[in-house]
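Per the working numbering, the very first residue in the sequence shown carries number 10; after that it's consecutive. We treat Cβ as the ideally placed atom computed from N, Cα and C, and that holds for glycine. What follows is a set of notes on a single structure, which appears directly below.
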Amino acid sequence: MDVRRLPFFYGWLLVGLGALSYAVGYGSRGTFSVFYVALLQEFGWTRAALAGVYSLGMAIFALASPLAGILVDRLGPRLVLPVGALLLALGMALSGLASQLWHLYLVFGLFASLGYCFTGLVPNSAVISNWFVRYRGTALGLAFAGSGLGSLILVPLTQTLISAFTWRVAFFVLGGIIAVLLIPLNALFQRHRPQELGLYPDGVAPDRLDHSPLPERPPVSQAPLGRPGAGPAGPALATGPAPGVTASPPAAPVGRAAEGALDDPTVIDREWAARTWTVLAAMKTSQFWILVFIRAASAMAINLVLSHQVIHVVDKGYTKMLAASIFGLSGLVSIVGIVGLGYLSDRWGRESTLTVSWVGSGLGPIFLLLVRDSSTPWLLYAYSLFFGLGLGSRGSLISAISADLFQGRHFGHIYGYLTMATGAGAAIGPWLGGYLYDRLGSYDLAFAGCAATLLACCGGIWVVGAHKIRRVGGAVRGRPAGGQIR
């Protein structure tokens, strides 16, 4: 089939496939908070010990993320994602056979988490970032919206299966859903780069771009290498990273390594964008390490809340089904937040919309903290609204910022290392929440700390200064031409 004859850009099909992978993969991971209640009641394990299953899983996710990036860059997504889906399906299904805690550590914590890594954040972000440049925020937002859809459907479905049958049946069903949906579709339709099909990113040929005026820049060969935005006469105002960000040495000679950056009308700092970004080159920049810190901190806070939200509400007197439904509702709200904020990030800028996302996420745990009994259900709806609004958009917007900074053929590898930070934070959060509850008898300190952490992350993303590297905000417009290479 000649994809150039399709009435739409093939990249949007990959966005839909990414959304499905997020819906099934992320949604199945999100059901842990429902299984958590059932497993505690049946086996009587401590909360910290059982939460450790989820924490181990996120640690595996962190450690495997660089490998996922390397494999996608070298082997391509048509192999990596189906294999990951198989591992995820086996891990979920085998969890239904568990009778000892270590069984869950092995199959859910190890197998399912490897599968989740190879079907989730790293491969899909790398693929979609290759297919989209000017519409990257929108595309990633639409793909990440699948996580909200997965929570909306799979969390209540899991609770229904547990109530009607057993938690074991619920695990078996989830494993079957993953195998049927993700393995064949990814094997058939995944493509790594638009050039494989004779297409251009965004479906727009470079000679048909409407180039908006950009700041005058010296030729790359004349610009001294240093921090982004530096010119022959010294630092250029409003083009370098924020004060306090350390200078970056040249990553590679400018030339073919620019990969089209010099002709890209979205580029503001051409020197930065023209470098060939490798993992080692990225690690020499302060931007990379600031992203590592804020990804780890925000992931720790969000996953602590996600893993303990249902049991906290059940402790306060609400039914399990109501708790699962309320948090499924947060998945619905997150779809609006992911798509809406992803779209707005291409117009307002990444930092502004990510700040809105984190403020919403930070307010969510405060409402959850205020739940003291079953007489205030409005607090649950307020939590779902605010936490859900910012929940998924955080991931898509950070992915877009990461790609704006380190775009290139090694981005999958770089993004894998950045995702290690996400996994590390996500590994600490669930265990820390269980530990604090076992020691203090409540989640008050845990939820308050999560709120403070998420609100504090807002400042860090402005220091990174991605808006001074590439132009967003609708400054570049294209006239679609089918996107084919002629």
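Measure how close the beta-carbons of Asp-82 and Arg-143 come, nearest whole angstrom, since I'm counting them as under 8 Å. Residue mapping note: residue 82 aligns to position 73 of the sequence shown, counting from 1. Residue mapping note: residue 143 aligns to position 134 of the sequence shown, counting from 1. Incorrect: roughly 23 Å between the Cβ atoms, too far for contact.
Within 10 angstroms of the Cβ of Asp-6, are there 16 or more other Cβ atoms? Answer buried if so, exposed if not. Any property of residue 6 remains undetermined from this structure, which presents the chain solely from 10 to 495.
Return the Cβ separation of Gly-27 and Ile-137 in integer angstroms, given the expectation that the two are a contact with Cβ distance under 8 Å. Residue mapping note: residue 27 aligns to position 18 of the sequence shown, counting from 1. Residue mapping note: residue 137 aligns to position 128 of the sequence shown, counting from 1. Contact holds; Cβ gap of about 6 Å.
I'd like the list of long-range same chain contacts for Pro-489, defined as Cβ closer than 6 Å, with 5 residues on each side in sequence excluded. Working through the sequence shown from its first residue, we reach residue 489 at position 480. Confidence in Pro-489 is poor, its pLDDT being 41 and thus under 50, which makes the residue's placement too unreliable to answer from.
Taking the C-alpha atoms as reference points, what is the distance between Ala-310 and Gly-443? In the sequence shown, the residue the question calls residue 310 occupies position 301. In the sequence shown, the residue the question calls residue 443 occupies position 434. Cα to Cα, the separation comes out at about 13 Å.
Assign Leu-208 to one of three DSSP states: helix, strand, or coil. In the sequence shown, residue 208 corresponds to position 199, counting from 1. Note: Leu-208 maps to strand in three-state DSSP.
Within 8 Å, do at least three Cβ pairs link the segment 155-173 to the segment 28-44? yes
Nearest residue (CA-CA) to Thr-40, options Asp-447, Ser-343, Ser-334 and Leu-398: On the sequence shown, position 31 is the one that residue 40 refers to. Closest option to Thr-40, Cα to Cα, is Ser-334.
Tell me whether the segment 459-478 and the segment 307-326 touch, counting them as touching only if at least three CB pairs, one residue from each stretch, are closer than 8 Å. yes
Which whole-angstrom value is the C-beta distance of Leu-84 and Phe-127, which I expect to be below 8 Å? The residue labelled residue 84 in the question sits at position 75 within the sequence shown. The residue labelled residue 127 in the question sits at position 118 within the sequence shown. No, Leu-84 and Phe-127 are not in contact; Cβ-Cβ is about 11 Å, not under 8 Å.
Quick check: the segment 409-416 against the segment 431-447, are at least 3 beta-carbon pairs closer than 8 Å? no
Look at Ala-60 and Trp-440 and say whether their C-beta atoms are less than 8 Å apart. Position 51 of the sequence shown, counting from 1, holds the residue named residue 60. Position 431 of the sequence shown, counting from 1, holds the residue named residue 440. A contact, by the Cβ cut-off of 8 Å.
Taking all protein chains shown into account, do 16 or more other C-beta atoms lie within 10 angstroms of the C-beta of Thr-364, making it buried, or fewer, making it exposed? As a working note, residue 364 is residue 355 in the sequence shown. Thr-364 should be labelled buried.
8 Å Cβ cutoff met for Ala-291 and Ile-423: On the sequence shown, position 282 is the one that residue 291 refers to. On the sequence shown, position 414 is the one that residue 423 refers to. Yes, Cβ-Cβ distance for Ala-291 and Ile-423 is below 8 Å.
Ignore the nearest five residues each way along the sequence and tell me which others in Tyr-446's own chain have a CB closer than 6 Å to its CB. Here residue 446 refers to the residue found at position 437 of the sequence shown. Arg-56 and Tyr-452.
Where Gly-474 sits in the DSSP three-state scheme: One-based indexing of the sequence shown puts residue 474 at position 465. Residue state, collapsed to three classes: coil.
N- and C-terminal bounds of the alpha helix (DSSP H) containing Tyr-125: To locate residue 125, count along the sequence shown from 1; it is residue 116. Counting along the chain, the alpha helix (DSSP H) containing Tyr-125 begins and ends at 122-128.
Could you tell me the alpha carbon to alpha carbon distance between Asn-139 and Val-24, rounded to whole angstroms? Within the sequence shown, residue 139 is the residue found at index 130, counting from 1. Within the sequence shown, residue 24 is the residue found at index 15, counting from 1. So the two alpha carbons sit approximately 11 Å from each other.
State the Cα-Cα distance for the pair Leu-96 and Ser-384, rounded to the nearest angstrom. Along the sequence shown, read from residue 1 onward, the residue named residue 96 stands at position 87. Along the sequence shown, read from residue 1 onward, the residue named residue 384 stands at position 375. Spanning the two alpha carbons is a distance of roughly 43 Å.
Rounded to the nearest angstrom, how far is the Cβ of Gly-346 from that of Leu-378, given a contact under 8 Å? As a working mapping, residue 346 is identified with position 337 in the sequence shown. As a working mapping, residue 378 is identified with position 369 in the sequence shown. So it is not a contact: roughly 21 Å between Cβ atoms.
Could you tell me the distance, in whole angstroms, from the CA atom of Ser-339 to the CA atom of Leu-400? Position 330 of the sequence shown, counted from the start, is the residue given in the question as residue 339. Position 391 of the sequence shown, counted from the start, is the residue given in the question as residue 400. C-alpha separation (whole angstroms): 9 Å.
Going by beta carbon distance, what residues of the same chain come within less than 7 Å of Val-182, once the five residues before and after it are set aside? Stepping through the sequence shown from its first residue, residue 182 is reached at position 173. Here the set comprises Leu-170.
In the DSSP assignment, the alpha helix (DSSP H) including Pro-165 goes from what residue to what residue? Within the sequence shown, residue 165 is the residue found at index 156, counting from 1. Pro-165 -> alpha helix (DSSP H) spans 145-173.
Rounded C-alpha distance that separates Ile-320 from Trp-54: In the sequence shown, the residue the question calls residue 320 occupies position 311. In the sequence shown, the residue the question calls residue 54 occupies position 45. If you take the alpha carbons of Ile-320 and Trp-54, they lie about 14 Å apart.
Judging by CA-CA distance, which residue of Gly-358, Trp-471 and Phe-52 is the nearest neighbour of Ile-303? One-based indexing of the sequence shown puts residue 303 at position 294. Residue Trp-471 is the option with its Cα nearest to Ile-303.
For Gln-109, the three-state DSSP class (helix, strand or coil): Here residue 109 is taken as the residue at index 100 of the sequence shown, counted from 1. Residue state, collapsed to three classes: coil.
What's the C-alpha gap between Phe-456 and Val-380? Working through the sequence shown from its first residue, we reach residue 456 at position 447. Working through the sequence shown from its first residue, we reach residue 380 at position 371. So the alpha carbons of these two residues sit roughly 11 Å apart.
Straight-line gap, Leu-427 to Val-301 (C-alpha atoms, nearest Å): As a first step, residue 427 must be located in the sequence shown, where it is residue number 418. As a first step, residue 301 must be located in the sequence shown, where it is residue number 292. Their Cα atoms are separated by approximately 6 Å.
Would you mind sorting Tyr-160 into buried or exposed? The rule is 16 or more other CB atoms within 10 Å of its CB. Your numbering for residue 160 matches position 151 in the sequence shown. Sequence inspection shows Ser at residue 160; the Tyr mentioned does not correspond to that position. Buried.
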